[in-house]
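Residue numbers (my numbering), protein chains in the order written: chain G, 1 to 319; chain W, 320 to 609; chain U, 610 to 856.
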Amino acid sequence: MKELVAICAFAAAVALLPLVVNSGFVLNLVIMTLYATLLGQAWNILAGFGGQFSFGHAVFFGTGAYAAAVLQVRFGWNAWAALAAAVVLGGAVGAFIGALSFRYGLRGSYFALVTLAFAEVFRVLANTFDFTGAGVGLMIPLGTSAADFQFASSAGFLYVILGFTLAAFGVTLWLKHSRYGAWLQAVRDNEESAAALGVDVFRVKLGAIMISAALMAAGGVFYVQYFHYIDPHIAYGPAVSVEALLAPIVGGMGTSFGPLLGAVVLHALGEFTRNLMGDAPGVSLVIYGAVLVAMVTFLPRGIIGAFAARRPARRVPRA
Amino acid sequence: MLEFSILFPSVLNGLTTGAVYALIALGLTLIYGVLHIINFAHGAALMIALYGVYFLHLTLGLDPYVSLPVMVPAMFVLGYGLQRLVIGRASHGKDENILLVTLGLAMVMENLALFLWRSDTRTVETPYTFSTVNIAGAMIAVPKLAAFAGALVAAAVLLVLVSRTDLGRAIRAIAKERQGAKLVGIDVEHVFAMSFGIGLACLGAAACFLLPAYYVNPLVGNGFILIAFTIVVLGGMGSFAGALAGGLIIGVVESVGGLWLGESLGQIGIFLIFIVVLLFRPQGLFGART
Amino acid sequence: MLEARNLSISFGGLKAVEDVSLSVPGGSIVSLIGPNGAGKSTLFGLISGFLKPDAGQIAFLGEDITGLAPHLVCRRGLTRTFQIVQPFAAQTVRENIAVGAHLHHRARREALARAQAVAERVGLAPELDKLAVNLTIAGRKRLELARALAAEPRLLLLDEVLAGLNPNEVGEMLPVIRAIRDSGITVLLIEHVMQAVMALAEYTWVLNNGRLIAEGRPAEIANDPKVIEAYLGHGTAERLRAASAHA
């Protein structure tokens with residue numbers, strides 16, 4: 001399959017990078033781009049493939065991040081074990097929110113808003129309780145051992161985030177070639193028709209949000225291990241939710257490479273802007289916001305969609 | 320805790336805050352009722368309006384209440400322009416697209432403010448900022464009382480506008496039956512833009528009433544967004560009376576909730592109400608079941 | 610095969626379907642006709658699980674399916690199409706049909722292969738790689754039919770599958786529907802195109818204002834004054850008879 005080849009090429013290129021490049025700056029940029037890709041891939045599964053747009057995806061990210069932080073700091077868990085628990089917990093939160101929302105038929109804007117509300121609820125909760133560090137947040141002690149999911153050099157982190165994005169690519173490929181994926185995309189395109197063809201719409205949507213949530217949680221764990229710090233605003237605030245949706249929308253929703261392409265474009269744009277305008281606050285986000293508006297207006301199927309061979313022709317008039 | 324002397328001022332404060340919330344939500348209700356747009360940029364637009372009032376005060380010495388005749392039309396123009404030139408163009412008909420466009424606009428507005436005016440919190444001081452009035456033993460700040468009165472007046476004006484004027488009739492026609500409205504010759508694009516403009520004009524008024532009792536920084540809008548949505552949903556999408564009632568209810572819930580659970584946890588009550596209403600009674604208190 | 614007994618449903622104050630009973634024998638093509646707004650699609654909705662009846666029961670293949678969710682009804686072997694076609698617009702014809710095929714075939718490759726086979730049966734083979742949104746109305750109707758067929762139903766409910774087609778296209782579809790019956794699938798059609806009803810259906814029910822007003826062989830029904838009145842208005846039957854008496 002062409003896509004598999006492309007993914008392998010991508011994996012190889014990234015894997016070889018630390019051997020060729022010594023600059024911490026470049027490595028960090030690639031790491032952050034892949035991190036954004038992961039978040040985008042997670043969002044893309046629920047929105048691009050499943051048609052459910054979440055505006056509060058941070059709720060899963062924050063759960064993963066806090067799970068990892070709390071388990072390590074308060075209970076002395078090993079970081080990798082904490083990762084596993086965090087991913088499972090993320091999926092469980094996904095199941096909870098999904099079950100409630102989909103059981104009661106929330107779709108479109110209402111679903112988007114409800115996810116935002118949940119993110120805010122979690123933010124306030126994290127901000128209140130001491131065991132999550134309240135407003136001050138939690139710090140993960142610095143380490144250098146891979147066994148602790150800490151690395152002396154960036155290369156270690158690069159390989160981990162690469163591993164996560166490859167896992168997400170795996171999920172995406174599976175969605176494109178499996179019965180479940182066909183059902184999910186059918187639900188996205190027309191729920192009623194899907195139901196009439198035997199698709200259990202509720203179960204399918206629930207599966208998608210759980211998978212999406214688990215991947216976001218993994219992103220949250222990575223964040224904590226890389227930056228050693230988490231607080232309620234970072235974990236559950238709008239920044240992560242927006243970051244998750246920007247890349248797929250720019251790159252192309254419902255495609256495998258959309259999130260990666262979008263993340264690359266956005267980070268390149270961000271760097272370019274920073275070179276031009278220095279580190280003035282808010283500038284890159286202004287640009288991102290403008291890009292979002294522009295994409296939705298002119299290129300709703302993203303960059304990939306603009307180049308796709310399939311362009312719907314003008315509608316043939318009824319006989 | 321349930322002592323009258325503690326509860327009563329809390330409820331009164333809640334009502335005054337709630338009235339401003341209602342004013343913010345009224346604009347959102349109009350925009351939703353007519354355009355079926357859930358305007359994600361509402362909070363950011365409020366923030367812009369607050370900065371407008373702030374700078375009018377800073378540079379021209381204009382008292383916030385005096386700024387009303389400036390801010391309301393200015394925000395109207397902003398709203399009209401945004402809908403006509405940006406949002407209208409982007410709406411390929413899909414709900415989610417519009418949500419994303421308004422989100423993008425919010426990002427642009429917030430971060431432009433951040434870039435231009437940094438993240439410092441700013442307030443205005445007026446001669447009456449700290450004066451209070453004694454209502455049956457509760458000390459209520461004058462700016463908040465003014466806000467309460469202003470919100471009621473604005474709601475009344477809006478109601479008259481929608482029920483008595485030609486524009487109002489057109490708005491109601493489009494809200495009920497878009498295609499039909501087009502067929503009878505109503506300039507739908509224009510009415511959409513007018514509605515969005517009025518919605519933002521409400522924010523202009525709200526900002527004039529809010530700033531004396533509150534503050535502004537680039538991220539202040541975020542705090543209001545979910546609250547405004549909660550009110551719109553609680554009151555029943557598209558119902559003005561509902562938005563007003565909803566606003567007052569939410570204001571009181573926040574205030575009394577804060578008594579029991581502390582400031583930050585008290586806010587949770589609002590979000591939980593939002594979730595519960597969306598799940599179990601999506602038509603709100605006053606809306607009709609679709 | 611299908612037994613509906615005393616089905617009723619109201620929306621607000623409106624009785625959309627009132628006390629309707631019918632029995633579909635296996636291996637036949639039967640039809641449901643009636644003027645617009647008679648409640649035919651509503652009845653389909655009740656049978657296929659999209660609507661829950663206020664009263665009455667539905668039994669399919671001897672088992673009670675009243676109130677069962679649509680996807681479960683489909684899994685039992687009862688599939689329906691929609692009056693206003695609802696394709697998976699962003700997907701190709703092949704992918705569209707494959708969704709139906711997946712009901713009984715888990716592997717992707719197999720589902721796609723079966724989709725091809727079904728497309729050939731209904732004459733959609735040349736359009737397999739086109740996006741559903743690019744098809745003509747006739748193509749979309751066939752796609753709607755093909756998708757439902759791919760789910761390998763025992764009973765197929767077709768909701769105005771011929772509406773919007775020109776006479777040529779209708780002519781092309783008739784043998785397709787007959788072939789479906791010949792392959793062992795029972796077909797219940799809602800149709801307005803009388804030529805098709807006459808040509809295809811062995812038995813027909815007539816609905817008006819939510820109630821069953823007549824049933825029988827299509828040729829007999831056509832002369833039933835109640836049916837004529839339902840379509841052409843009160844007193845028409847009299848006037849027609851008077852006119853032909855004079856002529």
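For each residue, glycine too, the CB sits at the ideal point set by N, CA and C.
Because the structure is a prediction, the values reported are computed rather than measured.
Span separating the alpha-carbon of W/V330 from that of W/M556: 25 Å
Closer than 8 Å at the beta carbon, the chain W residues around G/N127: S583
Residues near U/G686 by beta carbon distance below 6 Å, same chain, minus five either side: P762 and R763
G/S332 in three-state terms, based on DSSP: In this structure chain G extends from 1 to 319, so residue 332 of chain G is not present and cannot be described.
Euclidean distance between Cα positions of G/Q52 and U/L841: 47 Å
C-beta contact flag for U/V796 and U/V815 at 8 Å: no
Simplified DSSP state of U/G676, which is helix, strand or coil: coil
Of the listed residues W/P601, W/Q602, W/I594 and W/L604, nearest to G/L116 (C-alpha basis): W/I594
Spatial neighbours of U/V694 in its chain, beta-carbon cut-off 7 Å, leaving aside the 5 residues before and after: Hits under 7 Å: R749, K750 and E753.
Contacts of U/P679 in chain G (Cβ-Cβ under 7 Å): A195 and A196
Contacting positions in the stretch 342–360 of chain W - beta carbon closer than 7 Å to chain G: I357
Residue nearest to G/V171 in terms of C-alpha spacing, selected from G/M139, G/G302 and G/M210: G/M210
At least 3 beta-carbon pairs within less than 8 Å: the stretch 429–447 of chain W vs the stretch 276–286 of chain G: yes
N- and C-terminal bounds of the alpha helix (DSSP H) containing U/I688: Note on residue identity: the sequence assigns Thr, not Ile, to residue 688 of chain U. It is not in any alpha helix (DSSP H) - U/T688 instead sits in the beta strand (DSSP E) that spans L687 to R689.
Rounded Cβ spacing between U/S617 and U/P662 (contact assumed at less than 8 Å): 6 Å
Nearest residue (CA-CA) to W/G581, options G/L125, G/V250, G/L266 and G/H228: G/L125
Chain W contacts made by the stretch 258–274 of chain G, where a contact means CB separation under 9 Å: Answer set for the stretch 258–274 of chain G: empty.
Inter-residue Cα distance where the pair is W/L563 and U/T690: 45 Å
Cα-Cα separation, U/L758 to U/V708: 11 Å
Whole-angstrom distance between U/T651 and G/V240, CA atom to CA atom: Straight-line Cα distance between these residues: approximately 45 Å.
Endpoints, alpha helix (DSSP H) assigned at G/F227: V201 to F227
6 Å CB neighbourhood of W/S386 in its chain, flanking five on each side removed: V372, L375 and C527
Nearest neighbour of G/Y159, chosen from G/G270, G/Y35 and G/L113 [CA to CA]: G/Y35
Neighbourhood of G/A85 by C-beta, 7 Å cutoff - its chain only, sequence neighbours within 5 removed: A67 and L71
Whole-number beta carbon distance between U/V702 and U/A741, since they are thought to touch under 8 Å: 6 Å
Segment limits, alpha helix (DSSP H) that includes W/V572: F559 to L580
Cβ-heavy atom distance, G/L100 to the ligand SAM, below 7 Å: Only the bare structure without any ligand can be found here, which leaves the ligand SAM out of the picture.
In chain order, each alpha helix (DSSP H) run of at least 4 residues that lies wholly inside the stretch 691–721 of chain U: 702–710
Cross-strand partners of W/N453 (DSSP beta bridge): W/M458
Assigned secondary structure, G/G62 (DSSP; H/G/I helix, E/B strand, else coil): helix
Cβ pair count under 8 Å reaching 3, the stretch 380–396 of chain W against the stretch 485–499 of chain W: Contact fails: fewer than three Cβ-Cβ distances are below 8 Å.
C-alpha distance - G/G305 paired with G/V291, whole-angstrom precision: 16 Å
Cβ shell of U/E627 (< 7 Å), same chain only, five flanking positions each side left out: S617, G819 and R820
Cβ separation of W/F605 and W/G570, assumed to be a contact under 8 Å, to the nearest whole Å: Actually they are not in contact, since the Cβ atoms of W/F605 and W/G570 sit about 17 Å apart, beyond 8 Å.
C-beta neighbour in chain G for W/M426, strict 8 Å: yes
Burial state of G/Y104 (16 or more Cβ within 10 Å): exposed
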